[in-house]
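Top to bottom, those sequences are chains V and X.
Numbering (the working numbering) for the first sequence: 1 to 160.
Numbering (the working numbering) for the second sequence: 161 to 320.
Backbone N, C-alpha and C fix where the C-beta goes; we use that ideal spot for every residue, glycine too.
Beneath this line is the structure, given in structure tokens, with notes to follow.
Protein chains: 2
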Amino acid sequence: MDHAITPTGQHDHAHCVSSALAAAEARCTGTAKLTQSRRRVLEIVWESHRPVGAYDILDRMAKDGSPAKPPTVYRALNFLLEQGLVHRLESMNAFIGCGSTSVDGHAAQFLICRDCNMALELDDPTLRKALDQAARNSGFKVDRRVVELSGVCADCQKAA
Amino acid sequence: MDHAITPTGQHDHAHCVSSALAAAEARCTGTAKLTQSRRRVLEIVWESHRPVGAYDILDRMAKDGSPAKPPTVYRALNFLLEQGLVHRLESMNAFIGCGSTSVDGHAAQFLICRDCNMALELDDPTLRKALDQAARNSGFKVDRRVVELSGVCADCQKAA
DNA sequence: TGGCCTTGTGTTATGTTATAACATGGGTCA
DNA sequence: TGACCCATGTTATAACATAACACAAGGCCA
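Below you can see the structure in the form of structure tokens.
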């Protein structure tokens, strides 16, 4: 969300969660409904700015007494992916709330810190143009972009 | 390899394979040896310009009568990754021969065709700079870059 | 209002990808 | 020769993901 410029730093995370859920409610009017279990999965994804695995979500739900099994979680995640409410980080087999409000939110790029495990979502138009240009140079038509840079975030560099 | 500008088109693939193996021999002097099973895995990876899964490699080896089991294949793949001889495509859980001779070969970017399943390796310095600049703007130090663009390659667009 | 269609969920089982942990064997060099 | 390193073999299991079928709730319209 726009206020979460440094997710590692102090920020009102309750606000992240409530705006994410509000955005989800707003998006899921009509036939695509934000049901109880989808909402629950989205809440769990938003419990931190760290990517979370499907089976972590499952464990989390089990602690709440939910009888959810893998298909429940994957169905909810697939729905949330389709709605652009979460991203999948391919290099980690994990999921993270979509923090972009832009239309191109799903062209996002990620900076993943290997120390604190935080994933910072960028939505850099320059970078996106550079990527599309590189593809175009090869006559390639791009549908989907996976851009995940791993390394050490600014906070962890300071800490070290 | 430098001659393989359009991997989908006509090209002397035997030459791809022999140069890849020659490059591997050259790189694996010293303590890091290109053993029989590592060489075999590399050959299988190079049988096409399509990414290949670890268990596909395993099946391929089984057909040759090899008693290889998953750890054998994963060990060989990890060795080849360390030596910069193959890449892992995170978005497909698959591996492909490294076709770059540059020092920065492992900063490569991939264009993956969802029709013909071909993966074209780019090594675009402009793109790499754009990626690093975007990270730097967030004070992020990059170790590893995953850039995988999926879509339709030039040949498949023509065919359609 | 009763049937039926769509959508979402429950449940069981299984498929796919990857690694842990320990044993074995073959060099090399002090 | 025996201690060590490296690679490989072997067994088992962890981690990630989906197929396939059953069922239930709500809309809709003849």
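Span separating the alpha-carbon of residue i from that of residue j
i	j	result
F239 (chain X)	V73 (chain V)	35 angstroms
V152 (chain V)	D124 (chain V)	19 angstroms
H209 (chain X)	G225 (chain X)	24 angstroms
P227 (chain X)	C258 (chain X)	26 angstroms
A182 (chain X)	V147 (chain V)	32 angstroms
R60 (chain V)	R40 (chain V)	10 angstroms
R136 (chain V)	D315 (chain X)	13 angstroms
R274 (chain X)	Q10 (chain V)	42 angstroms
I204 (chain X)	R187 (chain X)	18 angstroms
E207 (chain X)	A214 (chain X)	14 angstroms
D172 (chain X)	V17 (chain V)	55 angstroms
A164 (chain X)	E25 (chain V)	Model confidence at A164 (chain X) stands at a pLDDT of 45, short of 50, so the residue's coordinates are unreliable and nothing is read from them.
G190 (chain X)	Q196 (chain X)	16 angstroms
F140 (chain V)	L149 (chain V)	22 angstroms
A294 (chain X)	L127 (chain V)	7 angstroms
L131 (chain V)	K63 (chain V)	42 angstroms
A174 (chain X)	L202 (chain X)	14 angstroms
S19 (chain V)	L77 (chain V)	19 angstroms
L34 (chain V)	L81 (chain V)	13 angstroms
V246 (chain X)	F110 (chain V)	23 angstroms
R235 (chain X)	R198 (chain X)	8 angstroms
Contacts around residue i, its chain only, beta-carbon distance under 8 angstroms, and the 5 residues preceding and following it disregarded
i	result
P211 (chain X)	L249, M252, A254, F255, I256, I272, N277 and A279
K229 (chain X)	L218
Beta-bridge partners of residue i, as assigned by DSSP
i	result
R305 (chain X)	V:L149
G257 (chain X)	X:V246
A119 (chain V)	V:I112
V52 (chain V)	V:F95
Residue i in three-state terms, based on DSSP
i	result
Q161 (chain V)	Residue 161 (chain V) is absent from the model: chain V starts at 1 and stops at 160.
H28 (chain V)	According to the sequence displayed, residue 28 (chain V) carries Cys and not His. Coil.
S19 (chain V)	helix
A294 (chain X)	helix
L127 (chain V)	helix
T72 (chain V)	helix
L194 (chain X)	coil
E43 (chain V)	helix
A107 (chain V)	helix
F239 (chain X)	helix
A160 (chain V)	coil
D224 (chain X)	coil
I57 (chain V)	helix
Neighbourhood of residue i by C-beta distance below 6 angstroms, restricted to the same chain and skipping five residues each side
i	result
A108 (chain V)	S100, E121 and D123
D162 (chain X)	The predicted model places D162 (chain X) with a pLDDT of 46, which falls under 50 and marks its position as unreliable, so this point remains unresolved.
D303 (chain X)	none
H106 (chain V)	G84
S102 (chain V)	D123
Q317 (chain X)	none
Check: residue i C-beta below 8 angstroms from any heavy atom of the ligand ADP
i	result
A228 (chain X)	The ligand ADP is absent from the structure shown, which contains no ligands of any kind.
Residues near residue i by beta carbon distance below 7 angstroms, same chain, minus five either side
i	result
A192 (chain X)	Q243
R145 (chain V)	A107 and L131
TODO: Could you please tell me which residues of the segment 135–149 of chain V, in chain order, have their CB closer than 9 angstroms to any CB of chain X?
DONE: Under the 9 angstroms Cβ criterion, the segment 135–149 of chain V contributes A135, N137, S138, G139, F140, K141, V142, D143, R144, R145, V146, V147, E148 and L149.
- [ ] Mind checking the segment 282–293 of chain X against chain V and listing, in chain order, the residues whose C-beta falls within less than 7 angstroms of any C-beta there?
- [x] Those residues of the segment 282–293 of chain X that come within reach of chain V (Cβ to Cβ, closer than 7 angstroms) are L282, D284, T286, L287, A290 and L291.
Open item on the list: To be precise: take each residue of the segment 101–118 of chain V, compare its Cβ to all Cβ atoms of chain X, and keep it if any distance is under 8 angstroms. Which residues remain?
Closed with: Hits within the stretch, in order: Q109, L111, C113 and R114.
Task: Under 8 angstroms (Cβ pairs) to chain V, residues found in the segment 233–259 of chain X - done: Legend: CB atoms of the segment 233–259 of chain X lying less than 8 angstroms from CB atoms of chain V belong to residues E250 and S251.
TODO: Taking a Cβ distance cut-off of 7 angstroms, strictly less, list which residues of the segment 23–53 of chain V are near chain X, in chain order.
DONE: Per Cβ criterion, the list is empty.
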